[in-house]
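First up is the structure itself, then whatever we jot down about it.
Protein chains in written order, with our numbering: chain A, 5 to 209; chain B, 40 to 121.
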């Protein structure tokens, strides 16, 4: 995909990615500041995250959680499974996935924001989860081998990607045949006007 | 579907933005949080079959009205006038 989208959108992809990085880096640095979305443990509870999933995970990882759904509510992950978490952010879902798949499984969290990757790696280290790693990359070109994953998870990320089909094709590429997609995201029930789609602040807020 | 998935299903949806500390455009567009799942097709044939099932065919079925004796209550015996 080029830096300027060749779709019907004339959005500056570089500016959009920068705005997203700034927004979620701010959440990681200062999760309690108050945003246009809920964060942290109250949000996790609202989305149906079980307390035992969060047990033993660093409070910093939980506090920076900013998902819009619950990939694990669709189906718990099984011991030994391989998981890719797209847009892993501060890492909470990757850490939960690592707990579920156990030491015989593997989790790769992918994020484009270095500050988030550092935070996620710190969280994994604090939680003692050595079978989760965080890689820098984009949803449209995932740093994971083809046919590697049993499950792809993501939470509140797909809506931020202008080229959703490219991202979904990458998800399909890294999945094994019959591999599962378990996604939390958003839907809009009213059509978004074309001019609104060009406004970068609306993508992040 | 176009990416190679089958069995797409939205399993949950709810308002996850109301009461957030800052106002957003979420309410304006009826934005809701969702969970959805799908499965990568096991092989190409499964995917082709799923894609084919999406083809829009409008079955042509004659309605009962066309077969009904619409003249039965008209007081007309069906016999021609002398």
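We treat Cβ as the ideally placed atom computed from N, Cα and C, and that holds for glycine.
Handout entry: Neighbour list for residue 50(B) in chain A, Cβ cutoff strictly below 7 Å
Key = Listed along chain A, the residues sitting closer than 7 Å to residue 50(B) by beta-carbon distance are 78.
Exercise for the section: Kindly say whether residue 27(A), judged by its beta-carbon, lies nearer than 9 Å to any beta-carbon of chain B. Expected result: So no, residue 27(A) is outside the interface.
Practice task
Scan the region 101 to 178 of chain A and note each continuous beta strand (DSSP E) run of 3 residues or more that stays entirely inside, going in chain order.
Solution key: Whole beta strand (DSSP E) segments, 3+ residues: 110 to 115, 136 to 140 and 153 to 159.
Exercise for the section: Check residue 97(A) in the structure and name its three-state DSSP category. Expected result: The three-state secondary structure of residue 97(A), taken from DSSP, is helix.
Exercise for the section: Give me the Cα-Cα distance between residue 131(A) and residue 149(A), rounded to the nearest whole angstrom. Expected result: Those two C-alpha atoms are separated by around 26 Å.
Exercise for the section: For residue 26(A), collect the residues of the same chain with a Cβ closer than 7 Å to its Cβ; drop the 5 residues on either side in sequence, then sort them by chain order. Expected result: The answer is none, since no qualifying residue turns up.
Practice task
Name the two residues that bound the continuous alpha helix (DSSP H) containing residue 89(B).
Solution key: Here the alpha helix (DSSP H) through residue 89(B) covers 83 to 92.
Handout entry: Where the region 61 to 84 of chain B meets chain A: residues whose CB sits under 9 Å from a CB there
Key = For the region 61 to 84 of chain B, which is checked against every Cβ of chain A, the residues closer than 9 Å are 61, 62, 63, 64, 65, 67, 68, 69, 70, 71, 72, 73, 74, 75, 76, 77, 78, 79, 80, 81 and 82.
Exercise for the section: Compare the beta carbon distance of residue 157(A) and residue 105(A) with 9 Å and say whether it is the shorter of the two. Expected result: Contact: no.
Exercise for the section: For the alpha helix (DSSP H) containing residue 88(A), list its first residue and its last residue. Expected result: Secondary structure note for residue 88(A): it is in no alpha helix (DSSP H), and the uninterrupted beta strand (DSSP E) holding it is 86 to 90.
Practice task
Check whether the Cβ of residue 194(A) lies closer than 9 Å to any Cβ atom in chain E.
Solution key: The structure shown has no chain E; the protein chains it does contain are A and B.
Practice task
Output the distance between the C-alpha atoms of residue 74(A) and residue 84(B), rounded to the nearest integer angstrom.
Solution key: Rounded to the nearest whole angstrom, the CA to CA distance from residue 74(A) to residue 84(B) is 31 Å.
Exercise for the section: Report yes if the C-beta distance between residue 139(A) and residue 112(A) is below 9 Å; otherwise report no. Expected result: Yes. Within cutoff.
Practice task
Taking residue 90(A) as the reference, give the member of 51(A), 114(A) and 67(A) with the closest Cα.
Solution key: For the residues 51(A), 114(A) and 67(A), the minimum Cα distance to residue 90(A) belongs to 114(A).
Exercise for the section: Please confirm if the region 117 to 134 of chain A is in contact with the region 178 to 198 of chain A, defined as three or more CB-CB distances below 8 Å between the two stretches. Expected result: By the C-beta criterion, the region 117 to 134 of chain A is judged not to be in contact with the region 178 to 198 of chain A, since fewer than 3 inter-stretch pairs fall below 8 Å.
Exercise for the section: In angstroms with no decimal places, state the Cα-to-Cα distance between residue 43(B) and residue 174(A). Expected result: Taking the straight line from one Cα to the other gives about 10 Å.
Practice task
Classify residue 62(B) as helix, strand or coil using the three-state DSSP reduction.
Solution key: Note: residue 62(B) maps to coil in three-state DSSP.
Practice task
Consult DSSP for residue 55(B) and reduce its assignment to one of helix, strand or coil.
Solution key: Three-state DSSP puts residue 55(B) in coil, outside helix and strand.
Exercise for the section: Using a Cβ-Cβ cut-off of 9 Å, state whether residue 39(A) counts as contacting chain B. Expected result: At a cut-off of 9 Å between C-beta atoms, residue 39(A) counts as an interface residue with respect to chain B.
Handout entry: Beta-carbon neighbours of residue 50(A), restricted to chain B and to distances below 8 Å
Key = Simply 55.
Practice task
Take the Cβ of residue 4(A) as the centre, count every other Cβ of all protein chains shown within 10 Å, and call the residue buried at 16 or more, exposed below.
Solution key: Here chain A comprises residues numbered 5 to 209, so residue 4(A) is not present and cannot be evaluated.
Problem - Contact set for residue 165(A): own chain, Cβ-Cβ below 8 Å, skip 5 residues either direction - result: For residue 165(A), the CB contacts under 8 Å within the same chain, skipping 5 residues up- and downstream, are 143, 144 and 171 in chain order.
Problem - Nearest-angstrom Cα separation, counted from residue 95(A) out to residue 135(A) - result: Take the alpha-carbon of residue 135(A) and the one of residue 95(A): they are about 13 Å apart.
Problem - chain A within 9 Å of residue 91(B), Cβ atoms only - result: By this cut-off, residue 91(B) is not an interface position.
Problem - Residue-level contact to chain B via CB, residue 126(A), 9 Å cutoff - result: Not one chain B Cβ lies under 9 Å of residue 126(A).
Problem - residue 59(B) beta carbon less than 9 Å from that of residue 39(A) - result: Contact: yes.
Practice task
Pull out every residue of the region 166 to 188 of chain A whose Cβ sits closer than 8 Å to any Cβ of chain B, in chain order.
Solution key: Answer set for the region 166 to 188 of chain A: 169, 172, 173, 175, 176, 179, 180, 181, 182, 183, 184, 185, 186, 187 and 188.
Exercise for the section: Have a look at residue 43(A) and residue 70(B) and give me their C-alpha separation to the nearest angstrom. Expected result: Using only the alpha carbons, I get a separation of about 17 Å.
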